[in-house]
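J.: Be aware that the sequence shown starts at 20, since it is given in the working numbering, and climbs by one per residue. All C-beta atoms in this analysis are idealised placements derived from N, C-alpha and C, irrespective of residue type, glycine included.
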Amino acid sequence: MTPPRNSNAARDIANVLHPYTDARAHQKNGPLVITRGEGVRVFDEQGNAYIETVAGLWCASLGFDNERLVQAALKQMRQLPFYHAFTGRSHEPAIDLAEMLIERAPVPMSKVFFCNSGSEANDTAVKMIWYFNNAIGRPEKKKIIARIKGYHGVTVASASLTGLPYNHKLFDLPIQGILHAGTPHYYHCALPGESEDQFTTRLANELEEMIVREGPETVAAFFAEPIMGAGGVIVPPAGYFEKIQAVLRRHDVLFVADEVICGFGRTGSYWGSQTFNMQPDILTCAKALSSSFLPISAVMVNDRVFQGLADGSAGLGTFGHGYTYSGHPVPAAVAVETLKIYDEMDLVGHVRKVGPVMQEGLRRRFSDHPLVGEIRGVGMIGAVEFVSNKETRANFDPAVKIGPRLVKIAEGHGLIMRALPGDGIAFSPPLIITAEEVNDMLDRFGRALDDLTVQLR
Ligand code: PLP
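Okay, here's the thing in structure tokens:
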């Protein structure tokens, strides 16, 4: 149906090129225009309410309204709406936020570098690693290993780290020197008869073989999300990261934890690194850092990395990297207030209480459903994966578009959902969600799943 002239939908179709959207289909289908938010819900132009089952993009952890964050932004806008951090300039919001992040870091960290998005944070980490190795006299040690199905963003280097085909095809990516190791997805990637322990040992061995094949003197770093988010909500089996880190230590390969989704309570610890026993040298975070009210991200580096960067910058007279908005005072002030709210509400405690309601509810209600293969997740992040055959674990023919179909049906039941690669549907609601709201979300999902089952008959 063609939207009325001058409607938001018509003006959107006429003018906006959307991220992560089939631009041709969008010309026909048009946008879902969201006008306001309240708690875990957002509302469209017709006033329909939707529970945001993925907190927008895994990010609005305090939901879609929060007066304290509004006031923090206003106050900072009035006092100092902009200042930068180049050439040693500074301001209190960035200082406060850096100090709070260092205090909360999962392992001892030395310094914080601010950026505006998860992609920028990961690009910055890549550049820091190259700079570090040049500065300490190891110019050969530059290759970076990420993982198939890992998601690290869309800028040139971070899209190269991302291990998903649609982030590479037609873009001429990945760039040189980026490698992808195997995915720790036991359900799909284990060999017949392989135990979880054997599976993780094999993945670690394969990583080591890759490093040795490339030459350890050429491999600089390994990037990993604690739980792979956008690649499918893939939870690593117990022991995986311990074995991977032993390999990295043997070959002096830096470990970067991409905490852009898992940071700030999502997995039931403050950091995903704590849930999965990761000891990163560099940590990137974004999204829930400001509850996504304003864009801000951060890269934390340990002292060893900082010392290398400091030496390099002393040699050149500057660290030649930084964004106009690195540590922008308004998002920084909002992030400071966000972290205070997390402490006051005991966010981690809340996720530990309500996360199991979601995890157990998903498993209890949907495990036996004929379309459901695997249900996975930890804390307040989960996924339901559809299969066409429970025994062979085969996914559906892509032409069936099972995920997008369910997403469309779910809209009619008051849910905004997100389809994942590999026929999955994500659950990553605002962390403030209550047990009652979780049950409401799962009731609605159940009704959508019933409709989908009828449609597929
Ligand atoms: N890293 C992870 C784990 C992410 O999930 C994302 C975004 O979803 C990014 C990086 C990129 O962040 P941004 O979209 O803010 O550039």
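With C-beta atoms as the reference, is G56 less than 9 Å away from A28?
T.: No, the pair does not count as a contact, with Cβ atoms beyond the cut-off.
J.: Run through DSSP, which three-state label would G392 get?
T.: G392 falls in the strand class under three-state DSSP.
J.: According to DSSP, which residues form a beta bridge with V238?
T.: According to DSSP, which records beta bridges pairwise, V238 is partnered with K162.
J.: May I ask you to report which of helix, strand or coil DSSP gives E71?
T.: Here E71 sits in strand by DSSP.
J.: Which residue wins for smallest C-alpha separation from I197, given the options Y206, A178 and E215?
T.: Here the closest residue by C-alpha is A178.
J.: Nearest-angstrom Cα distance between S345 and A249?
T.: So the alpha carbons of these two residues sit roughly 25 Å apart.
J.: Alpha carbon to alpha carbon, how far is L425 from S309? Give it in angstroms, no decimals.
T.: Distance between the alpha carbons of S309 and L425: 30 Å.
J.: Starting from H110 and walking both ways along the alpha helix (DSSP H), at which residues does that stretch end?
T.: Neither: H110 is in no alpha helix (DSSP H) and is coded neither H nor E.
J.: Going by DSSP, name the residue or residues bridged to T303.
T.: Per DSSP, D277 and V318.
J.: Quick check: the Cα distance between Y150 and R323, rounded to an integer number of angstroms?
T.: C-alpha separation (whole angstroms): 13 Å.
J.: For my contact list, L88 and V353 are in at a C-beta cut-off of 8 Å; report their separation, rounded to the angstrom.
T.: The Cβ separation is near 5 Å, so the contact holds.
J.: Suppose you measure from the CA of V419 to the CA of D470; what does that come to, to the nearest Å?
T.: Roughly 15 Å separates the two Cα atoms.
J.: How would you call G75, buried or exposed, if buried means at least 16 neighbouring beta carbons within 10 angstroms?
T.: The residue in question, G75, is buried, as its Cβ has 16 or more Cβ neighbours within 10 Å.
J.: At the level of alpha carbons, what is the spacing between L366 and I451?
T.: Rounded to the nearest angstrom, the two C-alpha atoms are 8 Å apart.
J.: In chain order, what residues of the same chain lie with their CB nearer than 7 Å to the CB of G441, ignoring the 5 residues before and after it?
T.: Closer than 7 Å at the Cβ level, and outside the excluded window around G441, lie G251, E404 and N414.
J.: Counting C-beta neighbours from all protein chains within 10 Å, is the total for Y69 16 or more, i.e. buried, or is it exposed?
T.: Label assigned to Y69: buried.
J.: How is G291 classed by DSSP in three states: helix, strand or coil?
T.: Helix, per DSSP.
J.: Using 8 Å as the cut-off, can you tell me whether the segment 236 to 250 makes contact with the segment 41 to 48, which would need three or more C-beta pairs spanning the two stretches below that distance?
T.: With a cut-off of 8 Å, the segment 41 to 48 and the segment 236 to 250 do not count as touching, because too few Cβ pairs lie within range.
J.: Using 8 Å for Cβ pairs, my map puts G172 next to S138. What's the rounded Cβ distance?
T.: That pair is a contact at about 3 Å.
J.: Can Y69 be considered in contact with ligand 2, in the sense that its beta carbon sits closer than 8 Å to one or more heavy atoms?
T.: For the structure depicted, ligand 2 is absent and the ligand set comprises only ligand 1.
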